[in-house]
């Protein structure tokens with residue numbers, strides 16, 4: 001299983017000229033400086049992984065993106081099956097139902113946290129079916145999947161800086177689609193408790209678009225630098241942009257300082273989410289925060 005590093009058309013994974021299958025997860029705005037400033041342009045770059053005659057599975061797509069993928073697939077005679085058109089899934093109380101167009105399976109809730117992970121699991125299950133996996137193997141994979149820095153609950157030294165009853169979570173999402181996914185997932189992890197954010201982002205990312213879906217869901221927001229990253233955005237600038245979106249935001253020197261200030265602020269113990277950058281998430285997971 002190879003994941004493209006950036007885009008698709010110019011990605012090094014294209015050295016594999018005859019894969020068994022290609023997958024396109026939902027196309028969204030990201031890396032605009034390299035991939036283009038419209039959804040259609042980005043979809044065109046993503047479509048660069050399609051190969052002549054090789055089947056394609058696409059997750060849920062905006063109509064504009066799907067039109068680009070369909071056009072490229074037609075040129076390459078690559079049979080493309082898209083979610084919502086050629087195959088379908090629907091969440092339930094204990095998992096989700098997948099209609100592949102040839103069979104219907106009831107599959108478990110993913111082990112990964114977040115409502116959006118059902119979407120990811122459905123695409124993965126479709127790939128598994130195409131490659132000949134049986135239902136038991138699909139269930140095992142869906143339940144057992146581990147994805148660091150995707151709504152990952154943290155314990156240890158950083159979490160210990162928070163007051164009793166608080167929780168610390170980590171997510172590397174950094175684009176508008178990730179902000180939307182986080183917003184939809186907050187209720188599921190907070191269960192009515194307040195949510196505080198510790199946010200660090202790069203200069204290449206749209207702070208306002210990332211935060212907009214979470215407006216009204218966040219109690220306090222502290223901004224931090226992304227360590228050892230030359231494109232890291234000044235926390236003071238991020239705080240200004242966040243305040244313009246209606247958030248109560250202040251800069252902090254680092255993650256430890258941000259957590260300390262949240263602990264000192266008092267009030268009901270919160271769910272604290274560190275987010276905004278995979279580089280920041282990597283720093284946390286390496287234990288260097």
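Numbering (our numbering), first residue to last: 1 to 289. In this text, a Cβ means the ideal position worked out from N, Cα and C, and glycines have one as well.
Just measuring C-alpha positions, the residue of 111, 26 and 278 sitting nearest residue 205 is 278. The C-beta distance from residue 21 to residue 55 rounds to 6 angstroms, short enough to fall under 8 angstroms. Counting only unbroken stretches of 4 or more residues, the alpha helix (DSSP H) elements lying wholly within the region 238 to 274 are 255 to 265, in sequence order.
Taking a cut-off of 8 angstroms for Cβ pairs, the region 87 to 100 and the region 120 to 139 touch, as three or more such pairs fall below it. DSSP lists 99 as the beta-bridge partner residues of residue 104. By the Cβ criterion, the region 259 to 275 is in contact with the region 150 to 168, since at least three pairs of Cβ atoms, one from each stretch, lie closer than 8 angstroms.
For the set 197, 177 and 176, the Cα lying nearest the Cα of residue 169 is the one of 197. Each of 210, 208 and 199 was checked against the Cα of residue 220, and the nearest Cα belongs to 199. When the Cα atoms are used, residue 171 and residue 281 turn out to be separated by approximately 7 angstroms.
Cβ atoms of residue 50 and residue 78 come within 8 angstroms of each other, at about 5 angstroms. The criterion of a C-beta distance shorter than 8 angstroms is not satisfied by residue 217 and residue 269. Within the same chain, 108 and 109 come within 8 angstroms of residue 94 by CB-CB distance, once the 5 residues on both sides are set aside.
Distances from the CA of residue 214 to each of 179, 239 and 250 were compared; the closest alpha carbon is that of 179. For residue 167, the beta-bridge partners assigned by DSSP are 271.
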